[in-house]
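Novice:
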Amino acid sequence: MDENLLNDTDSKVVFYFNPCTDALSPCPNNSVICMVDDNNTVLDLGSKGGASFTSQGVYGPVFMNYEKEDIATEIQLDCVDKVESTLSFNENYNRFEPILEVKYHLLLQSPEACFRPVEEYYSTNVVREGISSGALFLIVVLVLWLAYMIVGAAANHFISGATGFEMIPNYEFWRSLPDKLADGAKFVANGCRPPPSYEQI
Numbered sequence: 002m003d004e005n006l007l008n009d010t011d012s013k014v015v016f017y018f019n020p021c022t023d024a025l026s027p028c029p030n031n032s033v034i035c036m037v038d039d040n041n042t043v044l045d046l047g048s049k050g051g052a053s054f055t056s057q058g059v060y061g062p063v064f065m066n067y068e069k070e071d072i073a074t075e076i077q078l079d080c081v082d083k084v085e086s087t088l089s090f091n092e093n094y095n096r097f098e099p100i101l102e103v104k105y106h107l108l109l110q111s112p113e114a115c116f117r118p119v120e121e122y123y124s125t126n127v128v129r130e131g132i133s134s135g136a137l138f139l140i141v142v143l144v145l146w147l148a149y150m151i152v153g154a155a156a157n158h159f160i161s162g163a164t165g166f167e168m169i170p171n172y173e174f175w176r177s178l179p180d181k182l183a184d185g186a187k188f189v190a191n192g193c194r195p196p197p198s199y200e201q202i
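Below is the structure:
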């Protein structure tokens, strides 16, 4: 977000605000929001990491709050669909609240103030690289199975002199595997009950 300037022609004050990095000069170092009054006096209103967020209910507005000494600044975040962000005095705040401290009520209108799902944020801001853990697991299993088959076939051929299908390691097991899978499927389909035997009849 670029530097935001707020000019109040009535009181002749200027607010400098940038929540992501230091606000530009004349703000002091580590300040994200400051005010310059008509006497060119710079007043630091908040620093990095000093923001707190509040809201008025689930669907109410969200506020970014800064406190510096005895001065509070409340910035209402307003999601708008426009290119440039604007900062202005907030005319919607409760004017009848008890004034216990100096408090500035500002309104930030920006597309950066819009809520976005976490997935959308990372899909637009983070380049994903590599493969998923599930795909990696399947690749490892496949490589190990192929290594088992190749090494086993070579061992059966050179040690036992096997040829053809007999070179497959544990050939009898692999040949009977489809029948065993079919028997297991029937067992599950039968409610995990054993088939009736002669004694039961």
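Sequential numbering of the sequence shown, starting at 2, is according to our numbering.
By construction, the Cβ of each residue, glycine as well, lies at the ideal position given by its N, Cα and C atoms.
None of these values were measured; they are calculated from a predicted model.
Pull the bridge partners of Ala-73 from the DSSP assignment, please.
Specialist: If you number the sequence shown from 1, residue 73 lands on position 72. Note: Ala-73 sits in a beta bridge opposite Glu-68 and Lys-104.
Novice: With a floor of 3 residues, list each beta strand (DSSP E) that falls wholly inside the stretch 20–70, ordered by position along the chain.
Specialist: 32–37, 43–48, 53–56 and 63–69
Novice: I'd like the span of the alpha helix (DSSP H) that includes Phe-188, first residue to last.
Specialist: If you number the sequence shown from 1, residue 188 lands on position 187. Unbroken alpha helix (DSSP H) run through Phe-188: 172–190.
Novice: For Leu-78, which residues of its own chain have a beta-carbon under 8 angstroms away from its beta-carbon, when the five flanking residues on both sides are left out?
Specialist: Position 77 of the sequence shown, counting from 1, holds the residue named residue 78. The answer, listed in chain order, is Pro-62, Val-63, Phe-64, Met-65, Leu-109, Ser-111 and Ala-114.
Novice: Short check: CB of Gly-47 to CB of Ser-32, under 8 angstroms?
Specialist: The residue you call residue 47 lines up with position 46 of the sequence shown. The residue you call residue 32 lines up with position 31 of the sequence shown. Closer than 8 angstroms, so yes.
Novice: Alpha carbons only, please: which of Ser-134, Ser-133, Tyr-149 and Asn-41 is nearest the one belonging to Asn-171?
Specialist: The residue labelled residue 171 in the question sits at position 170 within the sequence shown. From the listed residues Ser-134, Ser-133, Tyr-149 and Asn-41, the smallest Cα separation to Asn-171 is found for Tyr-149.
Novice: Using only alpha-carbon positions, find the residue among Cys-35, Asn-30 and Ser-26 that is nearest to Lys-69.
Specialist: As a working mapping, residue 69 is identified with position 68 in the sequence shown. The option with the nearest alpha carbon to Lys-69 is Cys-35.
Novice: Among Ser-53, Ser-26 and Gln-57, which one has its Cα closest to the Cα of Val-43?
Specialist: The residue given as residue 43 occupies position 42 in the sequence shown. For Val-43, the closest C-alpha among the options Ser-53, Ser-26 and Gln-57 is that of Ser-26.
Novice: By DSSP, does Ser-133 sit in helix, in strand, or in coil?
Specialist: If you number the sequence shown from 1, residue 133 lands on position 132. Ser-133 falls in the coil class under three-state DSSP.
Novice: Out of Thr-87, Val-59 and Cys-80, which has the shortest C-alpha to C-alpha gap to Asn-19?
Specialist: Your numbering for residue 19 matches position 18 in the sequence shown. Selected option, being the one with the closest Cα: Thr-87.
Novice: Use the C-beta contact count for Phe-166: other C-beta atoms within 10 angstroms, 16 or more gives buried, fewer gives exposed.
Specialist: Here residue 166 corresponds to residue number 165 of the sequence shown, with the count starting at 1. Burial call: exposed.
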